[in-house]
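Notes to accompany the following structure.
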Amino acid sequence: MKLTLKEIASKIDGTVVGDETLEIYGVSSFYDAQLQDITFASDPKFLKALNQTRAGAAIVPEDFDDSLLEESKVVLPIIKTKNPKRQFFRILSIFHPPKEPSRDVANGAAIGSNFVCGCQLSVGSHVTIGDNVKIGDRVQIMHGVYIGDDVIIGDDTLIKPNVTIMDRAKIGSRVIIYSGSVIGSDGFGFTQDMSDLSHEKIVHAGFVQIDDDVEIGACNTIDRGTLGRTWIQRGVKTDNLVHIAHNVTIGEHSLIVAQVGIAGSTIIGKRVIIAGKAGVSGHLKVGNGAIIGPGAGVLSDVESGQIVSGIPGMPHKLWLKVAAILPKLPEIRKRLIALEKKEK
Amino acid sequence: MKLTLKEIASKIDGTVVGDETLEIYGVSSFYDAQLQDITFASDPKFLKALNQTRAGAAIVPEDFDDSLLEESKVVLPIIKTKNPKRQFFRILSIFHPPKEPSRDVANGAAIGSNFVCGCQLSVGSHVTIGDNVKIGDRVQIMHGVYIGDDVIIGDDTLIKPNVTIMDRAKIGSRVIIYSGSVIGSDGFGFTQDMSDLSHEKIVHAGFVQIDDDVEIGACNTIDRGTLGRTWIQRGVKTDNLVHIAHNVTIGEHSLIVAQVGIAGSTIIGKRVIIAGKAGVSGHLKVGNGAIIGPGAGVLSDVESGQIVSGIPGMPHKLWLKVAAILPKLPEIRKRLIALEKKEK
Amino acid sequence: MKLTLKEIASKIDGTVVGDETLEIYGVSSFYDAQLQDITFASDPKFLKALNQTRAGAAIVPEDFDDSLLEESKVVLPIIKTKNPKRQFFRILSIFHPPKEPSRDVANGAAIGSNFVCGCQLSVGSHVTIGDNVKIGDRVQIMHGVYIGDDVIIGDDTLIKPNVTIMDRAKIGSRVIIYSGSVIGSDGFGFTQDMSDLSHEKIVHAGFVQIDDDVEIGACNTIDRGTLGRTWIQRGVKTDNLVHIAHNVTIGEHSLIVAQVGIAGSTIIGKRVIIAGKAGVSGHLKVGNGAIIGPGAGVLSDVESGQIVSGIPGMPHKLWLKVAAILPKLPEIRKRLIALEKKEK
Numbered sequence: 002m003k004l005t006l007k008e009i010a011s012k013i014d015g016t017v018v019g020d021e022t023l024e025i026y027g028v029s030s031f032y033d034a035q036l037q038d039i040t041f042a043s044d045p046k047f048l049k050a051l052n053q054t055r056a057g058a059a060i061v062p063e064d065f066d067d068s069l070l071e072e073s074k075v076v077l078p079i080i081k082t083k084n085p086k087r088q089f090f091r092i093l094s095i096f097h098p099p100k101e102p103s104r105d106v107a108n109g110a111a112i113g114s115n116f117v118c119g120c121q122l123s124v125g126s127h128v129t130i131g132d133n134v135k136i137g138d139r140v141q142i143m144h145g146v147y148i149g150d151d152v153i154i155g156d157d158t159l160i161k162p163n164v165t166i167m168d169r170a171k172i173g174s175r176v177i178i179y180s181g182s183v184i185g186s187d188g189f190g191f192t193q194d195m196s197d198l199s200h201e202k203i204v205h206a207g208f209v210q211i212d213d214d215v216e217i218g219a220c221n222t223i224d225r226g227t228l229g230r231t232w233i234q235r236g237v238k239t240d241n242l243v244h245i246a247h248n249v250t251i252g253e254h255s256l257i258v259a260q261v262g263i264a265g266s267t268i269i270g271k272r273v274i275i276a277g278k279a280g281v282s283g284h285l286k287v288g289n290g291a292i293i294g295p296g297a298g299v300l301s302d303v304e305s306g307q308i309v310s311g312i313p314g315m316p317h318k319l320w321l322k323v324a325a326i327l328p329k330l331p332e333i334r335k336r337l338i339a340l341e342k343k344e345k
Numbered sequence: 002m003k004l005t006l007k008e009i010a011s012k013i014d015g016t017v018v019g020d021e022t023l024e025i026y027g028v029s030s031f032y033d034a035q036l037q038d039i040t041f042a043s044d045p046k047f048l049k050a051l052n053q054t055r056a057g058a059a060i061v062p063e064d065f066d067d068s069l070l071e072e073s074k075v076v077l078p079i080i081k082t083k084n085p086k087r088q089f090f091r092i093l094s095i096f097h098p099p100k101e102p103s104r105d106v107a108n109g110a111a112i113g114s115n116f117v118c119g120c121q122l123s124v125g126s127h128v129t130i131g132d133n134v135k136i137g138d139r140v141q142i143m144h145g146v147y148i149g150d151d152v153i154i155g156d157d158t159l160i161k162p163n164v165t166i167m168d169r170a171k172i173g174s175r176v177i178i179y180s181g182s183v184i185g186s187d188g189f190g191f192t193q194d195m196s197d198l199s200h201e202k203i204v205h206a207g208f209v210q211i212d213d214d215v216e217i218g219a220c221n222t223i224d225r226g227t228l229g230r231t232w233i234q235r236g237v238k239t240d241n242l243v244h245i246a247h248n249v250t251i252g253e254h255s256l257i258v259a260q261v262g263i264a265g266s267t268i269i270g271k272r273v274i275i276a277g278k279a280g281v282s283g284h285l286k287v288g289n290g291a292i293i294g295p296g297a298g299v300l301s302d303v304e305s306g307q308i309v310s311g312i313p314g315m316p317h318k319l320w321l322k323v324a325a326i327l328p329k330l331p332e333i334r335k336r337l338i339a340l341e342k343k344e345k
Numbered sequence: 002m003k004l005t006l007k008e009i010a011s012k013i014d015g016t017v018v019g020d021e022t023l024e025i026y027g028v029s030s031f032y033d034a035q036l037q038d039i040t041f042a043s044d045p046k047f048l049k050a051l052n053q054t055r056a057g058a059a060i061v062p063e064d065f066d067d068s069l070l071e072e073s074k075v076v077l078p079i080i081k082t083k084n085p086k087r088q089f090f091r092i093l094s095i096f097h098p099p100k101e102p103s104r105d106v107a108n109g110a111a112i113g114s115n116f117v118c119g120c121q122l123s124v125g126s127h128v129t130i131g132d133n134v135k136i137g138d139r140v141q142i143m144h145g146v147y148i149g150d151d152v153i154i155g156d157d158t159l160i161k162p163n164v165t166i167m168d169r170a171k172i173g174s175r176v177i178i179y180s181g182s183v184i185g186s187d188g189f190g191f192t193q194d195m196s197d198l199s200h201e202k203i204v205h206a207g208f209v210q211i212d213d214d215v216e217i218g219a220c221n222t223i224d225r226g227t228l229g230r231t232w233i234q235r236g237v238k239t240d241n242l243v244h245i246a247h248n249v250t251i252g253e254h255s256l257i258v259a260q261v262g263i264a265g266s267t268i269i270g271k272r273v274i275i276a277g278k279a280g281v282s283g284h285l286k287v288g289n290g291a292i293i294g295p296g297a298g299v300l301s302d303v304e305s306g307q308i309v310s311g312i313p314g315m316p317h318k319l320w321l322k323v324a325a326i327l328p329k330l331p332e333i334r335k336r337l338i339a340l341e342k343k344e345k
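Protein chains in written order, with this note's numbering: chain A, 2 to 345; chain B, 2 to 345; chain C, 2 to 345.
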């Protein structure tokens, strides 16, 4: 595949500075790019280093100052556009279109009764689909997936290999669920028999609801509600190995990074970011736009817009100070002892 | 399905106060319940708010003071009983009985030689069972499960979709293993070649033993013993994404919450609780009834009944004090500097 | 199976002290061994306790002082050799040889077009292999595995049940991948639409490369590169539930312990050890031979040979001091207050 710079510019609402007939055969990162590739630079660090990429052309910000090119003797043509990174990935997706799956149902798929599906369904090998399942248009269900009874899936959703979706899950449109993830396992809830301190399983009668445009990473575990739903709202993205307990709500467009755990009944607001390995206790509220730092241990509510870090979780700026003092504790202790000696 | 309050009361050894002919059609939580539902209240907070639920009836503690009803002008009938929460979930399980699986072996299941099984076996689609496997009565093995050679499984055990059980595992009766879990992978043990510092794999000749009434959450990894067994004793419950290394023992009725990791050869006592994301080092002993707090890093033995929290793990009450002081470290440092200045 | 001590000694370059005609029927650990077993002792603690094992014989270090036997009235024969632990596991692997898989392709395996494979291929039940896949000699692919298009696998590699390997992965020879692991899921990368703060998926056009002699534990998630590769170099071993993000490199012979997470584009050197539950931020460099302690939070580069522990990550010796002071913070605060009072 090849595109001229002119063709590329037209796709990303950009303006070419330089030879717009140049042919581009691929897309690559700043330092890996070769002469036939296009790359991008949006960071000042990269914009100043344009003479160091071997790319044939670069996508740069709309307000990029051309005189910089002359200064650093850069000869490569550029395309100016808004949000070069975003546009770069648009071009990348043109050069690497997703492979179109075969729009059929593989031999041996086990499909239950009352199955309803839209057009262009793709079901891979070794799939099982339960009873009363309803699926939209252009859904792709890959190898080894299990879909329980009474599951609903919207249009254009992609379920990657070896995903498990238990009974009564409601999954929206344009959702992607990566391999190994388990949607709708029972929550970790028991009642205790005080006579022998054993734990009796309680029925988990609820379900998982995943709204449109959600992406669930690999090997996530999202438990069903005990009663009612565990709810992953529109546009949420989760990374790998994330645990979401029963009756949690995650608000629209929130990002949950790898190995995060969220305990039962906690409500996460909209556009929240929870960084890798952080843990959030149960029955808490995390407000809209809050940010929780990597590895933080959140034990109390977080207000909208607040940034919380550290163990125990505290305001981020405070944690930065605390984290800077922690390595100085041995010295601080010595100074305290010195003062005490003087005092005597 | 519907039950009168009288019928419900008889099932949970309770006493109705109010109209015992009232018909109940469902079960719901305190604030979600509708007029045809029954709910429960055991916490004083909820008992005082009985006028705020829209439920048709509520299960309350045996010693609940009826005069509270009048005070807060509550009109809904109640059922008094011991342990209302436990009884509520009993009623929930009556309204939501587990779906009876088809008691047969799906087409295409790959079953090895010398297979022995009890009555009413249920094997889902795309299952593989190795040689010399012995399975009890009413066992359910769902879609995509792999069971290796020489595995033994007791009665009434339920293996959810896409579980992997490797050779020689011994699994008891009434066990539930949730999707994505891997039982009996090799432990993380190597010997090092000092010439090139490479690591040589060692044979893991041991196995995993899971006793009766254990529940293993989704995406757990339980490694086999290097020699001998990794042993999950009777009544243990693990949450999701738990890692249990080779030759670990977990004592009866212990609870292991999500994303906990337990390193090799550690022995966890009976009725221990390890909260979410905690880590326990290898070759340690954690005594009966001990509690390990969320995210704690346990690097030394824990005595019976002790509560350990924090990083590094320390007695819980001490950790509460430490955790309260950590955010004050910047201020403490300033005060120390002020003292030093005065001293000069 | 049985071997005389003479036969065992010849296999491990050892010298028998005692009856070399003794027949050994099994291999066991120091305190579990019975009269027909051989065990090993390399630690002084065990060497002094040789009178306490019930084993029939023991493998001990080359420089073991025989007089210790007399002192403690030990009568069991011994084999002296270099690195007794390593040799013990060699003997263990002789008594427990890996089961030879059936060298054929199970019925119902779904194999794509242009499949190229070497001799003695073993493909288990319910496997799917995509188009243009190329596989070496003696490869074993177990139950439920998914292998995407354009994947390359070397000789003698073993893919355990229910593993997912996405398109274009390159996997070396003598690699083992344990169950539940996902190789080549998309990285956690998005561009943000500033108008509604939603996140737009970006194409992940890269791949995962796993070199020879690597072992990947159970339920690992290794994301593909956004552009270019995520690279697990020769001899690396990962434990269970490890997360490796897009474009990470892990250098030769490094060990990554359970539940570690490594964020995007970080480069880990050779022979690095990252202990359990540690997290390493993105875009960092960890030098050759570095060691990262359990649960450490690494937020900046780590130099070769450095040992880093704690949260935030700091030199290990410093962290030991800090960790010792943390439980004393309440007392330190009291002493500070006492000094302040005196000052007044």
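By construction, the Cβ of each residue, glycine as well, lies at the ideal position given by its N, Cα and C atoms.
So the beta strand (DSSP E) residue i belongs to, where does it begin and stop?
i: residue 209 of chain B; result: 208-211
i: residue 230 of chain C; result: 230-233
i: residue 201 of chain C; result: 199-202
i: residue 68 of chain B; result: Here residue 68 of chain B belongs to no beta strand (DSSP E); instead the alpha helix (DSSP H) covers 68-72.
Measure from the C-beta of residue i to each C-beta in chain A and report whether the shortest distance is under 8 Å.
i: residue 242 of chain C; result: yes
i: residue 260 of chain B; result: yes
i: residue 26 of chain B; result: no
i: residue 313 of chain C; result: yes
i: residue 322 of chain C; result: yes
Does DSSP put residue i in a helix, in a strand, or in coil?
i: residue 345 of chain C; result: coil
i: residue 35 of chain A; result: coil
i: residue 13 of chain A; result: coil
i: residue 24 of chain C; result: strand
i: residue 62 of chain C; result: strand
i: residue 1 of chain A; result: Outside the displayed range of chain A (2 to 345) lies residue 1 of chain A, so it cannot be described from this structure.
i: residue 307 of chain A; result: coil
i: residue 42 of chain B; result: coil
i: residue 77 of chain C; result: coil
Taking CB distances under 8 Å as the criterion, tell me whether residue i reaches chain B.
i: residue 87 of chain A; result: no
i: residue 165 of chain A; result: yes
i: residue 317 of chain A; result: no
Starting from residue i and walking both ways along the alpha helix (DSSP H), at which residues does that stretch end?
i: residue 89 of chain A; result: 85-96
i: residue 323 of chain B; result: 317-326
Quick check: what's the CA-CA separation for residue i versus residue j?
i: residue 88 of chain C; j: residue 228 of chain B; result: 15 Å
i: residue 267 of chain A; j: residue 285 of chain A; result: 5 Å
i: residue 141 of chain C; j: residue 102 of chain C; result: 8 Å
i: residue 186 of chain A; j: residue 260 of chain B; result: 15 Å
i: residue 33 of chain C; j: residue 161 of chain C; result: 30 Å
i: residue 191 of chain B; j: residue 170 of chain A; result: 42 Å
i: residue 40 of chain B; j: residue 181 of chain C; result: 39 Å
i: residue 37 of chain B; j: residue 7 of chain B; result: 15 Å
Since residue i and residue j are thought to touch, with beta carbons under 8 Å apart, how far apart are those beta carbons, to the nearest angstrom?
i: residue 9 of chain C; j: residue 79 of chain C; result: Not a contact, Cβ separation roughly 11 Å.
Just checking: is the beta-carbon of residue i within a distance shorter than 8 Å of some beta-carbon in chain C?
i: residue 103 of chain B; result: no
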